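Chains as they are written, first to last, in our numbering: chain A, 2 to 608; chain B, 35 to 399. Every residue, glycine too, gets a C-beta built ideally from N, C-alpha and C. Here the structure is a predicted model, which means the values were calculated and not measured. One structure is given here, and the rest of the page talks about it.
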């Protein structure tokens, strides 16, 4: 019996956990020791999407992970801070934002659609033509080198990069140098001021009412981008439209009306331009592109990989197409290369050799719009000023779009902060009441030994709390209401380890053992039972955690964690304390130990 | 120091549980029959997670229940003329809960906005849930998968740790718990939600936990039992039950107390929701588990064991020996666990049944 050793080990575990919790965090006392709370406890929104594949089988893990990344990008692009996008199980993606009720994340699970569309026309989409155009949100940093007396942000942040840059003179297709493959590069600053109303469908009639009949008719009559000042002024009401309103406009209006800016076009709902057999408008940087119907879709792409071109060591993105896709692609490149086809590309949208560009459009964004350098019958390349990262991003973007995976919304939930707080309170209260009841019962039944139970339950609580803080930080485990329930349930299991042991102890004493050796013997026997029984709890928790999702997983995790901690406390605290306790005379006093009756009986029997 | 309570306390109640197994099997059979009837005739009352629908929570501060109901009703009818609404209920003193048929995102948002306008609230103070019917289905599917895997793994574990008959008896009692709990849900008409399913799964662990503790003692008492002919397997098992009876009662109490607290808070303060659903199913399931670990698992085990020729032979041997000893023993200790006397007089080497306490056997009464 070396109770000291176990207690020292327990102390070490405690110190390690506590320092992990304390030094792993930043900020003040409460920041360092705050466990991650689920949104049902702090309020927020959660949307669950289920992957739907054509053959009904769950998607491959890589596919799901790619889809998760797209959704993460979409959420980030909406300026939602601290959004959590995680995959669950083999076919679920859960998007959640804690603390604020944010409806903006609701439609981010729309299928990701990649299309190759010929660029017909290009115009400026900065929206700067309008007198009261939306000032671009970010004041350009470079401009502020001038005297800072003028507080106004310079409206035209860095001249909008024309996409018409000379390509790399590449073997096949060359991306315009400005084609920043990361769509968020231009989109995210603009999206920061809360993407309001993006998920409300607006009818054209409503927009017509909003801008007035005169402006509507003027816009309807447009066949080219207006240059006449009077005409532009007539279209002024269009400057006040929201992204959702803009989405209701016809393709022509979106393109021709100068007040419809790229900022707004970029914020249209996901999937706004997902119809392949319709011409659409999309932006690259601050340039508006009128795009032809989609003649090649993402599903036609077989592979898209970042490569290093042999000989030149330039970064390129290599493309291969599937059988039928290759034919479509060859036709599209022929049409673009020779600028045949109907409609023909506008003079402003071709390069110096009169070749059209083909835009790679993912969702609402143009990833890249390379000019076509030849009729491509086999492997194709997109070249341009890529670095390793941007080449990979473009390749990934194309790959995402070729996923045969779409999502079905399963559940959405918003919880107000007040309700979340109420839940947290109720959960903690329930835990407190449960703990109190168990403590009262153990004092009632085991007298002073109840102290040992109480102490170990409190110790378990502290260890659990520290583990939660650490796991929340390292693994992202969030404590939900179901998790709290899991801990409450495990209280019973924790207390039961004592019941098993103490009942054993009574048995031993009843059978005539001296209390001191009874503690030892009962421990050896109870240990086996406790291990067997806890193994069952642990098995249940592990199985549940592995197969389930969401609340079930949180619950199972809590149950498993509590069982483990219970084992630690049983072995490293309860037994050594009992061993120490058994050395004292008080243990033998019936009033103190609750073993009195059996002790008394045993004595009587001996006499 | 007399009376049932203290005898229980000492593990000497001498309850004839295994002996009356026909009664317990009858009870169990009745419950299962009732369960099947009820599940077929009544079925479950599904929550919106299974039927699909929307749920709104409006702070109580917004006005009276009737006001809120009218406001939501109007808003819902505006958004979707065909929509239906379940009468609102108040949850605790915090929120009103209103459930409607399924609405899409735009409709949901429209409802929230128009309710906020009508009641002069901030949109953000209204919570909403939208669930597709597939959601509950998915949770249930995974739960069933989990149940299947767990049964396999745990059976393997129990076979290794104990023996196959104990594993079979433990799993049988577990299935009994689940069926009986389902029956209560069906008969009473409690709503089944994913939280209920979670709670249902938790019963798995708890029910087996309890049975394992009892079987551990049975195993201890019956180790090497065939080597002596003082007591039958059934008697030794019954003694184990009696010895762990108080522990079972205590364990059940300490396990049910916090769950009761959970139920009390969940139902009392919050009305509907995760806590209540979990608390309710756990409370019912654990109560069932207590019953089955005492009155079902061990009788099933003994029944299975007595089909084993070795044990059957042994039982006959013990009976024959008793008969040859004459009627005296049976008359001296009527209805008492004969094993206690026997074990005291002839402890088997290596076996760890009741230790000779040095007490006269008569004290046992």
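Proximal chain B residues relative to residue i, where beta-carbon distance stays under 7 Å
| i | result |
| --- | --- |
| residue 541(A) | 184, 238 and 239 |
| residue 461(A) | Ordered by position in chain B, no residue passes the 7 Å Cβ test against residue 461(A), which lies about 13 Å from the chain. |
| residue 544(A) | 180, 183, 184 and 187 |
| residue 538(A) | 239 and 243 |
Which listed residue (the options) has its alpha carbon closest to that of residue i
| i | options | result |
| --- | --- | --- |
| residue 9(A) | 570(A), 329(A), 584(A) and 585(A) | 570(A) |
| residue 207(B) | 58(B), 115(B) and 49(B) | 58(B) |
| residue 281(A) | 496(A), 546(A), 256(A) and 582(A) | 256(A) |
| residue 296(B) | 424(A), 360(A) and 377(A) | 424(A) |
| residue 464(A) | 17(A), 264(A) and 526(A) | 17(A) |
| residue 522(A) | 505(A), 534(A) and 474(A) | 505(A) |
| residue 116(B) | 131(B), 98(B), 141(B) and 104(B) | 141(B) |
| residue 34(A) | 40(A), 25(A), 317(A) and 41(A) | 25(A) |
| residue 22(A) | 473(A), 509(A), 347(A) and 580(A) | 473(A) |
| residue 87(B) | 144(B), 316(B), 118(B) and 213(B) | 118(B) |
| residue 108(B) | 225(B), 132(B), 260(B) and 330(B) | 132(B) |
| residue 387(A) | 315(A), 476(A) and 566(A) | 315(A) |
| residue 334(B) | 163(B), 100(B), 104(B) and 268(B) | 268(B) |
| residue 200(B) | 167(B), 342(B), 110(B) and 315(B) | 342(B) |
| residue 499(A) | 332(A), 486(A), 535(A) and 484(A) | 535(A) |
Contact list for residue i against chain B, beta-carbon separation under 9 Å
| i | result |
| --- | --- |
| residue 37(A) | The premise fails here: residue 37(A) is roughly 18 Å from chain B at the closest Cβ pair, so nothing lies under 9 Å. |
Residue i at chain A interface by Cβ criterion, 7 Å
| i | result |
| --- | --- |
| residue 359(B) | no |
| residue 376(B) | Any reading at residue 376(B) is ruled out, since the residue's pLDDT is 38, under 50, leaving its predicted position unreliable. |
| residue 166(B) | yes |
| residue 243(B) | yes |
| residue 85(B) | no |
| residue 77(B) | no |
| residue 49(B) | no |
| residue 159(B) | yes |
| residue 162(B) | yes |
| residue 328(B) | no |
| residue 253(B) | no |
| residue 176(B) | yes |
Span of the beta strand (DSSP E) around residue i
| i | result |
| --- | --- |
| residue 381(A) | 381-384 |
| residue 280(A) | Counting along the chain, residue 280(A) falls outside any beta strand (DSSP E), and DSSP gives it neither H nor E. |
| residue 89(B) | 87-93 |
| residue 52(A) | 45-54 |
| residue 60(A) | No beta strand (DSSP E) contains residue 60(A), which DSSP labels as neither H nor E. |
| residue 306(A) | 302-309 |
| residue 246(B) | Unbroken run through residue 246(B) is the alpha helix (DSSP H), 228-256; no beta strand (DSSP E). |
| residue 118(A) | 115-125 |
| residue 295(A) | 288-298 |
Residue i at chain B interface by Cβ criterion, 7 Å
| i | result |
| --- | --- |
| residue 497(A) | yes |
| residue 609(A) | Since the first and last residues shown for chain A are 2 and 608, residue 609(A) lies out of range. |
| residue 493(A) | yes |
| residue 215(A) | no |
| residue 368(A) | no |
| residue 567(A) | no |
| residue 449(A) | no |
| residue 610(A) | As displayed, chain A neither begins before 2 nor continues past 608, which places residue 610(A) out of reach and without an answer. |
| residue 489(A) | yes |
Whole-number beta carbon distance between residue j and residue i, since they are thought to touch under 8 Å
| i | j | result |
| --- | --- | --- |
| residue 516(A) | residue 7(A) | Going by Cβ atoms, the distance from residue 516(A) to residue 7(A) rounds to 20 Å, so no, they are not a contact pair. |
| residue 223(B) | residue 84(B) | Their Cβ separation, rounded to whole angstroms, is 14 Å, which puts residue 223(B) and residue 84(B) out of contact at 8 Å. |
| residue 354(B) | residue 210(B) | Not confirmed; about 34 Å, so no contact. |
| residue 553(A) | residue 232(B) | 5 Å |
| residue 115(A) | residue 362(A) | 7 Å |
| residue 46(A) | residue 415(A) | 4 Å |
Span of the alpha helix (DSSP H) around residue i
| i | result |
| --- | --- |
| residue 350(B) | 343-359 |
| residue 417(A) | First-last for residue 417(A): undefined, no H or E at that position. |
| residue 267(A) | 263-267 |
| residue 329(A) | 324-339 |
Contacts of residue i in chain A (Cβ-Cβ under 9 Å)
| i | result |
| --- | --- |
| residue 169(B) | 49, 51, 411 and 412 |
Chain A residues whose Cβ lies nearer than 7 Å to that of residue i
| i | result |
| --- | --- |
| residue 291(B) | 435, 438, 439 and 442 |
| residue 121(B) | Correct list: empty, because the minimum Cβ distance to chain A is about 20 Å. |
Partner residues on chain A for residue i, Cβ-Cβ distance less than 8 Å
| i | result |
| --- | --- |
| residue 191(B) | 536, 537 and 540 |
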